[in-house]
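Visitor:
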Amino acid sequence: MSQGLERLTGKVRRRRYRYYTFGIITIIALSLAGITGFMIFGATDEGWTSIQSSVFLSFAILLLFLVPTRDMRRAEAIIIIASEHGGTLKVETIQKELELPSDKILALLGWMVKQKIAEEREQTGRWVFPELRRSKDE
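Under my numbering, think of the first position of the sequence shown as 6, with each following residue one higher.
(1) Going by the CB atoms, is the gap between Ala-123 and Ser-103 shorter than 8 Å?
(2) Where does the unbroken alpha helix (DSSP H) through Glu-97 begin, and where does it stop?
(3) Since Leu-111 and Val-96 are thought to touch, with beta carbons under 8 Å apart, how far apart are those beta carbons, to the nearest angstrom?
(4) Taking all protein chains shown into account, do 16 or more other C-beta atoms lie within 10 angstroms of the C-beta of Leu-37, making it buried, or fewer, making it exposed?
(5) Taking buried to mean at least 16 other C-beta atoms within 10 Å of its own C-beta, is Ile-30 buried or exposed?
(6) Should Ile-99 be labelled buried (16 or more other beta-carbon atoms within 10 Å of its own) or exposed?
(7) Tell me which same chain residues have a C-beta within less than 8 Å of the C-beta of Glu-127, skipping the five on either side of it?
(8) From Tyr-22 to Gly-28, what does the alpha carbon distance come to, in whole angstroms?
(9) State the DSSP-derived secondary structure class of Tyr-22, mapped to helix, strand or coil.
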């Protein structure tokens, strides 16, 4: 596997674990807040209790974390497929392996390239592909 693919794989995995950790901490915090609110105020109000609202918020926030992690899993699968095929990417190969529509694959590949460009720019402090930078004249 090429060095670029290895670095991109590591970044996707680190970001995925960061989402998992943050999601779990958020769910625990909301559950504790709901239980505390329930114990302090009791379930005297009609309608939603604080526990029900904290569980609802927990699931809503969990859904927010599932969307990007699903794309990250797909991106990681694309990287693995590329490494198995000598570091080259063909949309047809990825489409056959992942059974995704080609527009979704192209969007994921574009996202991966943007992530890589942003990572390189953060590390070096300059644009990786200067031709992509818009000039001040435009």
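Backbone N, C-alpha and C fix where the C-beta goes; we use that ideal spot for every residue, glycine too.
Guide: Taking the geometry as given:
(1) For the record, residue 103 in the displayed sequence is Leu; it is not Ser. Against a cut-off of 8 Å, the Cβ pair of Ala-123 and Leu-103 comes out as no contact.
(2) 96-103
(3) 7 Å
(4) exposed
(5) exposed
(6) buried
(7) none
(8) 10 Å
(9) helix
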